[in-house]
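Protein chains in written order, with the working numbering: chain A, 42 to 279; chain B, -9 to 174.
C-beta: ideal position from N, C-alpha, C; glycine also.
Notes follow once the structure below has been shown.
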């Protein structure tokens, strides 16, 4: 290809490149076309901003939700009681008794039947509601330890019918694992005294005369009311 | 305002500078797009897509001169056109190996105005037009054209030969017998 020919080629090519429009052709409205383009450019920026706003909002929501979720998990009542039961089943009885003795909050007393105690399956306070089997005189007994202030709170918030605490606890347990059923007759009483003994005046009281001439007498009235034996002192005139 | 300054301001996000650049280059680039895509509406959309990409990637562009800027923009527009054609047509071009290679008569084309050349080129079928544009106008080798369009080199060559034959016929119809001119 000669130099002249090459120049010619460049000529018609450059002609086409420089072409800015056709003679009879309607020109494109540049302003409208640029508006379209500008809207596209601006629209993308806006969408990015919006995306950041949404991300920030999601983070904030998550931050508020996390403590709530953990709090709920911590005080899940049924799960807590189940775990405690499992632990108690695994532990030997003597360890349980030792634990009970060490625990300053636990009160071991005679079995008290609480008539209007309300314990809902979903609202049992794990910290205040304990079932502690205690071995006394080769008999296993179940005692409830309930702090009265907590009981009052439970009564206010609960709309269920009053039920016996032991049976309510049994209801919270999973169907596969049941507590050992113990009849009241098997439980017995901390101090077994037959009604005949209480009624007989001569058997109801006794007197002790010590060397210091002090006489200790036994009061049946006090015994009947609280179940504890009270010694009263009475000095003899002799 | 100088183009280099406009580019600088457009890089900083100035809408006014972007508008100036658009006004300066839109016509030329639209004609390039129309050489590949026949419908003016499609060509306009492609041009806007090209400008959008240009403004988006302007930060990575270093200004070396007006010619370099135009070459870069032209490349963007051609790529956009080819993407559009690939989507629309898929370039299902069948190769004809027995088509003889006809030399393009440059002199005859030189005697035509830019508008006349443009009108002849856009009347070619899509396959012929695309290969003709890429080989004869942009100066791309057949290997690159084959890669770009996803066709074989032989197909690219045959398409070019056919386009030249058709172009010759068109020129003859217009009363311009450049073959005769060649013999003169």
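Residue i - containing alpha helix (DSSP H), residue span
i                      : result
residue -9 of chain B  : Counting along the chain, residue -9 of chain B falls outside any alpha helix (DSSP H), and DSSP gives it neither H nor E.
residue 134 of chain B : 132 to 139
residue 108 of chain B : 104 to 112
residue 92 of chain B  : Premise fails: residue 92 of chain B is in no alpha helix (DSSP H) and is neither H nor E.
residue 54 of chain B  : No alpha helix (DSSP H) holds residue 54 of chain B; DSSP gives it neither H nor E.
residue 30 of chain B  : 30 to 46
residue 143 of chain B : 143 to 163
residue 5 of chain B   : 5 to 26
Cβ shell of residue i (< 8 angstroms), same chain only, five flanking positions each side left out
i                      : result
residue 92 of chain B  : 151, 154, 155 and 158
residue -6 of chain B  : 53
residue 68 of chain A  : 62
residue 136 of chain B : 142, 143, 145 and 146
residue 3 of chain B   : none
Residue nearest to residue i in terms of C-alpha spacing, selected from the options
i                     : options                   : result
residue 60 of chain A : B:22, B:1 and B:12        : B:22
residue 13 of chain B : B:72, B:-9 and B:25       : B:-9
residue 80 of chain A : B:24, B:28, B:29 and B:38 : B:38
residue 98 of chain B : B:-2, B:45 and B:160      : B:160
residue 24 of chain B : A:90, A:77 and A:57       : A:57
residue 82 of chain A : B:5, B:50 and B:56        : B:5
residue 45 of chain B : B:55, B:56, B:9 and B:18  : B:9
Residue i CB to nearest heavy atom of the ligand GDP below 7 angstroms
i                      : result
residue 109 of chain A : Questions concerning the ligand GDP fall outside what the structure shown contains, since it holds no ligand whatsoever.
Nearest-angstrom Cβ-Cβ length linking residue i and residue j, presumed shorter than 8 angstroms
i                      : j                      : result
residue 67 of chain B  : residue 36 of chain B  : 7 angstroms
residue 16 of chain B  : residue 71 of chain A  : 6 angstroms
residue 102 of chain B : residue 26 of chain B  : About 20 angstroms; that fails the 8 angstroms criterion.
residue 149 of chain B : residue 116 of chain B : Rounded, the Cβ-Cβ distance is 10 angstroms, inconsistent with contact.
residue 112 of chain B : residue 119 of chain B : 7 angstroms
residue 1 of chain B   : residue 59 of chain B  : With 8 angstroms as the limit, residue 1 of chain B and residue 59 of chain B do not qualify as a contact, their Cβ atoms being about 13 angstroms apart.
residue 123 of chain B : residue 52 of chain A  : Residue 123 of chain B to residue 52 of chain A, Cβ: 17 angstroms. No contact.
Cβ neighbours of residue i in the same chain (closer than 7 angstroms, five flanking residues each side left out)
i                      : result
residue 54 of chain A  : none
residue 20 of chain B  : 33, 34 and 37
residue 133 of chain B : 143
residue 28 of chain B  : 112
residue -4 of chain B  : 7, 10 and 11
residue -2 of chain B  : none
Cutoff 6 angstroms; reference residue i; Cβ partners in own chain excluding five residues on either side
i                      : result
residue 40 of chain B  : 66, 67 and 70
residue 177 of chain A : Because the pLDDT at residue 177 of chain A is just 48, under 50, the model does not fix this residue reliably, and the value given afterwards should be weighed accordingly. If we look at residue 177 of chain A and ignore the five residues flanking it on each side, it has no Cβ neighbours.
Residue i at chain E interface by Cβ criterion, 8 angstroms
i                     : result
residue 93 of chain A : Among the protein chains of the structure shown, namely A and B, there is no chain E.
Return the residues of the region -3 to 20 of chain B that lie within a Cβ-Cβ distance of less than 8 angstroms from chain A, sorted by chain order.
So the list reads 5, 8, 9, 12, 13, 16, 17, 18 and 20, given in the order they occur along the chain.
Relative to chain A, which residues along the region 99 to 112 of chain B have a C-beta separation below 7 angstroms, given in chain order?
Correct list: 99, 100, 104, 105, 107 and 108.
Using Cβ-Cβ distances below 7 angstroms, what residues of the region 30 to 45 of chain B are close to chain A?
Only 34, 38, 41, 42 and 45 from the region 30 to 45 of chain B bring a Cβ to less than 7 angstroms from some Cβ of chain A.
Please list, in chain order, the residues of the region 126 to 141 of chain B that have any C-beta partner in chain A closer than 7 angstroms.
Identification of residues in the region 126 to 141 of chain B having a C-beta nearer than 7 angstroms to some C-beta of chain A yields 127, given in sequence order.
Proximal residues, the region 51 to 62 of chain A versus chain B, C-beta separation under 8 angstroms
Within the region 51 to 62 of chain A, the residues whose Cβ lies closer than 8 angstroms to some Cβ of chain B are 52, 53, 54, 56, 57, 58, 59, 60, 61 and 62, listed in chain order.
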